[in-house]
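Comments concern the structure below.
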Amino acid sequence: MRLRYRCRYLLKFFFCFILIFILLAIVITKQTNPILVVRDLGYLTRPIWDKPGSEPEIIIPHFQSDTIPYDELCELHGWKKRDSSGSDRNLTRVIDAVIFSVELDILEIRIRELWDVVDIFLVMEADRTFTGVQKPLILEENIHRFEFAKDKLHHKVLRNTLKKNPKNNFENEVIMRREMSNAIRFLKPKYGDLIIVGDVDEIPFKKTIELLKNCVGYSRELHLRMRNYVYSFEFYIDTTNWKPHVDTYSSYFRYHHGKPTESTVSNYQLADAGWHCSYCFRYLSDFVFKMTSFSHSDRVTGQHLLDKNNIQRKICDGSNIFDMYEEAYTFKDLIGTFGKLPRKLSTIGIPAAVMDQHRFFKFLLPGGCVREDAPPEFNYSGR
Numbered sequence: 004m005r006l007r008y009r010c011r012y013l014l015k016f017f018f019c020f021i022l023i024f025i026l027l028a029i030v031i032t033k034q035t036n037p038i039l040v041v042r043d044l045g046y047l048t049r050p051i052w053d054k055p056g057s058e059p060e061i062i063i064p065h066f067q068s069d070t071i072p073y074d075e076l077c078e079l080h081g082w083k084k085r086d087s088s089g090s091d092r093n094l095t096r097v098i099d100a101v102i103f104s105v106e107l108d109i110l111e112i113r114i115r116e117l118w119d120v121v122d123i124f125l126v127m128e129a130d131r132t133f134t135g136v137q138k139p140l141i142l143e144e145n146i147h148r149f150e151f152a153k154d155k156l157h158h159k160v161l162r163n164t165l166k167k168n169p170k171n172n173f174e175n176e177v178i179m180r181r182e183m184s185n186a187i188r189f190l191k192p193k194y195g196d197l198i199i200v201g202d203v204d205e206i207p208f209k210k211t212i213e214l215l216k217n218c219v220g221y222s223r224e225l226h227l228r229m230r231n232y233v234y235s236f237e238f239y240i241d242t243t244n245w246k247p248h249v250d251t252y253s254s255y256f257r258y259h260h261g262k263p264t265e266s267t268v269s270n271y272q273l274a275d276a277g278w279h280c281s282y283c284f285r286y287l288s289d290f291v292f293k294m295t296s297f298s299h300s301d302r303v304t305g306q307h308l309l310d311k312n313n314i315q316r317k318i319c320d321g322s323n324i325f326d327m328y329e330e331a332y333t334f335k336d337l338i339g340t341f342g343k344l345p346r347k348l349s350t351i352g353i354p355a356a357v358m359d360q361h362r363f364f365k366f367l368l369p370g371g372c373v374r375e376d377a378p379p380e381f382n383y384s385g386r
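According to our numbering, the sequence shown is numbered sequentially starting from 4.
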């Protein structure tokens, strides 16, 4: 009798505990869909069960000055000045290699920022998205816009290369990065040339590449720690992005993003080396296309997220476009991501091209959050 009573008591306690836990989870996550509740709880508890992965451990302080000669600047970083007698610096080429989707504006800003320090801009574009959806060749259709860069721009098009039905969201991305490795080899870089590896929206400072072009002695694969922005240069995110890197070309070179597992050459990152402007698009259609076509398209958990009025509101108030919590690996960083992003009401330190053409790039400036819809010729569906 007493045992039966205890069992009933424990059962009631268990069900009450589960009910309270579910209600608390709904209140905390502001979700009622069980799948989204579990997802958001995973993000909120990430500091307990997850680690950020193999981030390069050694951060090199970044010294810059227009008045200090490069032999001293290189020494400040623990490096040496590159030999400028003719056999070293003058023959070292810099190849900027990026995979392109729809980022016409960011690509132009990137090319203008790096024009004086890059020898070849290798831009690869495919007729399918990473998720296998047919798409038009946006850069090919707008190549006239880059007439100013024709002497350095190498546009590589992949037709019928990516799979219509990839096994997973990353299969086509792997294929495209392998094709990029082959395209770089086709340019016949020599040992010691510098290859910039990163996404289109991860733009190194011109001064960063100039520094690396003038110095030797750094890691064969040096990661670049970026300033992170979202939607425009109005919303600064105080999070870490170290995935882009500059590689000193050798037979070991492979085009990849981030740090390979168990890598011993990727343990260094240069502080404050560039900008990462995520979702910095001109057109609302660009946002919809990006959200549904990249490797993490599973974050689109409902059609309401693709509503253009909803997207516009989030662009202007700095909310997360996927209604998700940010990835954070400490509770301090997690708490710092709650709520809307703070506004940065200054253009000091943003790419020069944005201010040089401030009317054209108004949507990337503080107060310029209102986007327009794409003209009819921008048919991203490929239909």
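All residues carry an ideal CB built from backbone N, CA and C; glycine is no exception.
Check                                                                                                                                                                                   : Outcome
So, with DSSP's three-state summary, where would you put Val1?                                                                                                                          : There is simply no residue 1 to check, as the chain begins at 4 and stops at 386 in what is shown.
Between the segment 306-325 and the segment 366-375, do three or more beta carbon pairs fall short of 8 Å?                                                                              : yes
Note down, in chain order, each residue of its chain lying with its Cβ closer than 6 Å to the Cβ of Glu60, except the 5 sequence neighbours on either side.                             : Asn270
Do Leu190 and Pro207 have their CB atoms nearer than 9 Å?                                                                                                                               : no
Can you name the start and end residues of the beta strand (DSSP E) that Cys280 belongs to?                                                                                             : Tyr271 to Ser281
Among all the DSSP beta bridges, which residues are the ones paired with Met127?                                                                                                        : Ile102 and Lys159
Out of Pro72, Leu273, Thr350 and Cys77, point me to the one whose CA is closest to Tyr248's CA.                                                                                         : Per the sequence presented here, residue 248 reads as His, with Tyr not at that position. It is Leu273.
Which one or two residues does DSSP pair with Leu227 in a beta bridge?                                                                                                                  : Leu273
By the three-class DSSP mapping on this structure, what secondary structure does Val291 have?                                                                                           : helix
I'd like the span of the alpha helix (DSSP H) that includes Asp74, first residue to last.                                                                                               : Tyr73 to Leu79
According to DSSP, is Ile31 helix, strand or coil?                                                                                                                                      : Summary for Ile31: the model assigns pLDDT 46, below 50, so the residue's position carries little reliability; its value from the coordinates is reported in the next sentence. Of the three classes helix, strand and coil, the one that applies to Ile31 here is helix, per DSSP.
Give, in chain order, every unbroken run of the beta strand (DSSP E) that is at least 3 residues long and sits entirely within the segment 209-259.                                     : 224-233 and 248-251
Quick one: Cα of Lys33 to Cα of Tyr328, how far?                                                                                                                                        : In this prediction, Lys33 has a pLDDT of 49, which is less than 50 and means its spatial position is unreliable; what the coordinates show is noted afterwards. One C-alpha to the other measures close to 11 Å.
For Ile63, write down the residues that DSSP places opposite it in a beta bridge.                                                                                                       : Leu273
Between which residues of its own chain and Val291 is the CB-CB distance below 6 Å, once the five residues before and five after are set aside?                                         : Leu309
So what's Arg92 in DSSP terms, helix, strand or just coil?                                                                                                                              : Any answer about Arg92 is weak, because its pLDDT of 48 lies below 50 and its placement is not dependable; what the coordinates show is given next. If DSSP states are grouped into helix, strand and coil, Arg92 belongs with the helices.
Return the Cβ separation of Val121 and Leu142 in integer angstroms, given the expectation that the two are a contact with Cβ distance under 8 Å.                                        : That belief does not hold up - the Cβ atoms of Val121 and Leu142 are roughly 17 Å apart, past 8 Å.
Going along the chain, which residues of its own chain have a beta-carbon closer than 6 Å to the beta-carbon of Leu110, five neighbours each way excluded?                              : Val203
Give every residue of the same chain whose Cβ lies closer than 7 Å to the Cβ of Thr164, excluding the five residues on either side of it in the sequence, and list them in chain order. : Ala129, Ile178 and Glu182
Is it true that the CB of Glu205 sits closer than 9 Å to the CB of Trp278?                                                                                                              : yes
So the candidates are Asp289, Asn323 and Glu75; which of them puts its Cα closest to the Cα of Arg302?                                                                                  : Asn323
If contact is defined by three or more beta carbon pairs under 8 Å, each pair taking one atom from either stretch, is the segment 231-250 in contact with the segment 142-161?          : no
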